[in-house]
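Before any comments, here is the structure.
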């Protein structure tokens with residue numbers, strides 16, 4: 001058996017959505033036969049009075065059996081075992097032919113070749129037995145506990161279905177009463193028992209002035225005096241007379257001339273009178289109704305528009321004018337297509353026109369446009385008005401403004417789409433772009449960005465920005481408008497005047513292109529603001545409204561959760577990539593180290609092994625120089641390893657002292673010239689750039705580390721430059737001591753691809769590891785330089801074009 005809960009839910013869902021009783025019961029019977037193969041299941045019901053057993057439905061049971069059992073009376077002497085189970089618990093009949101059945105029943109069952117059966121009582125929700133669930137089987141039926149439990153549950157489910165349809169049938173009986181009243185709707189209809197009113201139609205309410213609730217139980221004499229009736233009146237019912245004319249008095253004490261048709265009828269088994277009351281003063285009442293109708297149209301909360309048969313507007317009510325912004329003079333004579341937004345498919349308008357021209361009603365949703373250009377949604381019902389010859393003379397449209405409802409539906413759809421897109425969008429930037437696209441269904445997102453806040457660094461970074469101006473990757477929080485949203489933890493909608501006022505009070509600092517309107521919504525996760533979603537306009541102060549703010553407040557929670565999930569997902573992916581890259585770099589590093597260590601060691605061991613007493617002094621001196629150079633190279637490698645180890649463990653220390661900037665740069669120049677000679681790169685032009693005022697500048701730094709940074713950059717420049725020049729020094733003269741100095745090293749070497757310019761400062765990284773054999777080196781120099789620059793309070797970056805050269809910049813704080 002399929003999952004019991006799923007099957008039960010499926011049956012109940014079909015029941016409540018109005019599927020037919022036959023289809024639902026067939027589904028249950030099919031399920032029974034799936035539990036007990038080769039069986040035949042049938043359902044017997046009892047009538048409302050509990051007197052007769054009725055065949056309800058079966059699968060494949062011969063008609064003769066159904067005819068034989070259908071309508072059998074339920075009495076004390078009844079011999080059918082199906083009936084007996086109504087008053088007992090479950091029964092299993094091993095041989096139904098051995099039971100004392102009537103001859104025609106026994107013959108019928110023998111013809112079906114059915115031997116045994118299971119009788120399961122059907123009980124309504126109150127516990128009353130209302131029928132039997134009978135399962136016939138050609139052999140002896142044997143069921144385990146689980147199968148019996150499943151049959152019992154299906155019997156209970158059947159009881160729910162049958163009970164539901166009993167209620168529906170009763171309601172349908174009740175509806176028949178209303179249909180009778182509706183058929184006589186031109187008259188006031190009263191159903192009375194004795195002299196008490198038990199039911200009325202709408203016209204009777206209008207005629208008397210009382211509501212249906214007030215009339216229920218009221219004496220008919222309150223409306224038409226007792227003296228209007230026949231003297232032959234007994235048991236509260238008029239006799240013999242079938243029509244009377246009377247004077248009726250309504251709630252407003254107005255006298256009405258009425259004609260009353262009297263007909264005896266029955267309701268729920270009781271005798272009642274059906275009164276059809278015709279208002280003979282219908283002309284005067286018709287005038288009043290016309291006036292009432294006119295006022296209803298005028299005061300209607302729905303828009304009403306009337307056109308001639310050609311579709312030209314003849315009348316609109318005040319609500320129409322209020323909603324669209326057009327007055328009657330502007331709209332009269334126009335076609336309703338003046339409201340068309342251009343967003344509704346032409347096929348809908350074509351269907352609308354064909355439907356109403358054929359005299360049928362058309363209903364549907366339309367997106368229209370107001371006089372000021374704003375879009376709105378309407379649910380319209382358009383009908384044809386016909387004359388006495390059934391010729392169409394006019395069309396009337398009644399339209400409800402459903403803009404807010406549509407907006408709420410769209411908001412729910414947007415929230416769902418954003419939630420589902422977390423897994424489908426590959427990157428955070430793509431995901432935020434999707435958010436922008438979804439929000440654009442309701443809001444003008446022409447200038448849109450999301451800024452995520454780094455609390456440790458007190459700055460924002462923008463994973464996504466789509467706007468006309470001010471596109472940056474990061475910006476400090478400071479007194480930015482986004483920073484205000486972070487500090488206050490609430491949304492901000494401000495026009496340009498408000499922003500200027502906030503700036504004058506010192507609350508914010510306005511940077512970049514000024515916005516006519518600015519909306520910032522905090523993105524919160526676990527009571528912490530993680531960023532800001534911003535929508536702004538540079539040219540239209542009405543592009544973003546208070547309503548847009550309310551929409552963002554509704555969706556911001558889901559956006560925050562989704563962005564946090566996507567950001568976490570990207571961090572995990574990056575962590576995995578970093579781990580894999582780290583393993584790869586370690587392998588590359590070990591391979592490089594093997595080569596870099598063996599090269600100088602081989603030189604030391606090789607040259608030292610061939611020097612002996614017979615070696616000429618000149619040759620021995622040359623060998624010693626080579627051994628010395630190899631030893632220095634080896635020492636540099638070991639020192640780099642020590643440095644990176646100290647940096648990684650946080651044990652490196654800075655020893656600050658006050659130094660002459662020009663002195664440091666001159667020392668560096670002398671050292672790099674020596675390095676240039678040892679590298680056989682004397683054909684490259686080395687230029688030291690130092691402004692005149694630099695000779696007076698003192699620098700508070702660690703001189704050893706400062707020179708180490710410069711020399712690492714210069715050695716790299718020499719290594720990767722085959723021709724041209726290398727320029728280095730102070731970028732510009734700084735006459736404001738509180739700002740850091742900017743130093744640079746510029747070469748005409750091989751350059752660095754753009755996609756590698758950020759990664760080259762990582763440990764063990766070179767712009768291209770395949771060049772390590774050609775240029776030597778273990779890839780630690782730039783990583784060491786970056787860490788040293790940052791410990792000295794500066795930052796380092798590179799500008800480069802492949803094949804044209806590179807320029808490394810770094811800054812230094814604490815300048816005196």
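Numbering (our numbering), first residue to last: 1 to 816.
Glycine included, every Cβ here is placed at the ideal spot set by N, Cα and C.
Quick caveat, the model's predicted, so the values are computed rather than measured.
- Straight-line measurement puts the Cα of residue 250 at about 11 Å from the Cα of residue 225.
- The count of Cβ pairs closer than 8 Å, one atom from the region 410–419 and one from the region 558–578, reaches three, so the stretches are in contact.
- Rounded to the nearest angstrom, the Cβ distance from residue 272 to residue 193 is 5 Å, consistent with a contact under 8 Å.
- Within a 10 Å sphere around the beta-carbon of residue 673 sit fewer than 16 other beta-carbons, which makes this residue exposed.
- By the C-beta density criterion, residue 426 is exposed, having fewer than 16 other C-beta atoms within 10 angstroms.
- Counting only runs of at least 3 residues, the region 406–460 fully encloses the following beta strand (DSSP E) elements, listed from N- to C-terminal order: 447–454.
- Residue state for residue 703 is assigned as helix, using DSSP reduced to three classes.
- Within the same chain, Cβ atoms closer than 6 Å to the Cβ of residue 524 are found at 560, the five residues on either side in sequence being excluded.
- Taking C-beta separations shorter than 6 Å and ignoring five residues to either side along the sequence, the partners of residue 796 in its chain run 786, 789 and 810, following chain order.
- Runs of the alpha helix (DSSP H) spanning 4 or more residues and lying entirely within the region 463–544 occur at 481–488 and 496–504, in chain order.
- For residue 351, the enclosing alpha helix (DSSP H) starts and ends at 346–357.
- Rounded to the nearest angstrom, the gap between the Cα atoms of residue 144 and residue 91 is 14 Å.
- Per the DSSP secondary-structure output, residue 91 pairs in a beta bridge with 119.
- Contact holds between the region 473–480 and the region 505–512, because three or more Cβ pairs, one in each stretch, are under 8 Å apart.
- Shown here for residue 315: same chain residues with a beta carbon closer than 6 Å to its own, the five before and five after excluded, namely 306 in chain order.
- Within the DSSP bridge table, the entry for residue 303 names 399 as partners.
- Assignment of beta-bridge partners to residue 263 by DSSP yields 274.
- Nearest to residue 170 by C-alpha distance, out of 114, 211, 48 and 95, is 48.
- Across the set 440, 542, 658 and 22, the C-alpha of 22 shows the shortest separation from the C-alpha of residue 58.
- Boundaries around residue 129 are those of the beta strand (DSSP E), 129–137, since no alpha helix (DSSP H) includes it.
- The way I'd put it, the region 699–714 does touch the region 655–665; three or more beta-carbon pairs between them come closer than 8 Å.
- Assigned with DSSP and collapsed to three states, residue 222 falls in helix.
- Between residue 365 and residue 348, the alpha-carbon positions lie close to 9 Å from each other.
- With respect to the C-alpha of residue 749, the residue from 363, 761, 714 and 344 having the closest C-alpha is 714.
- C-alpha of residue 722 to C-alpha of residue 746: approximately 14 Å in a straight line.
- Around the beta-carbon of residue 113, fewer than 16 other beta-carbon atoms lie within 10 Å, marking it exposed.
- Residue pairing from DSSP leaves residue 628 without any beta-bridge partner.
- About 7 Å separates the CB atoms of residue 743 and residue 812; that is less than 8 Å, so the two are in contact.
- A straight line joining the alpha-carbon of residue 117 with that of residue 136 spans about 4 Å.
- When the five nearest sequence neighbours on each side are left out, the beta carbons in the same chain lying within less than 7 Å of the beta carbon of residue 445 are those of 436, 439 and 535, in order along the chain.
- DSSP lists 53 as the beta-bridge partner residues of residue 46.
- Judged by their CB atoms, residue 687 and residue 725 are nearer to each other than the 8 Å cut-off.
- Each residue's CA atom was taken as its position, placing residue 176 and residue 33 some 38 Å apart.
- According to the DSSP assignment, residue 7 belongs to the alpha helix (DSSP H) that extends over 4–17.
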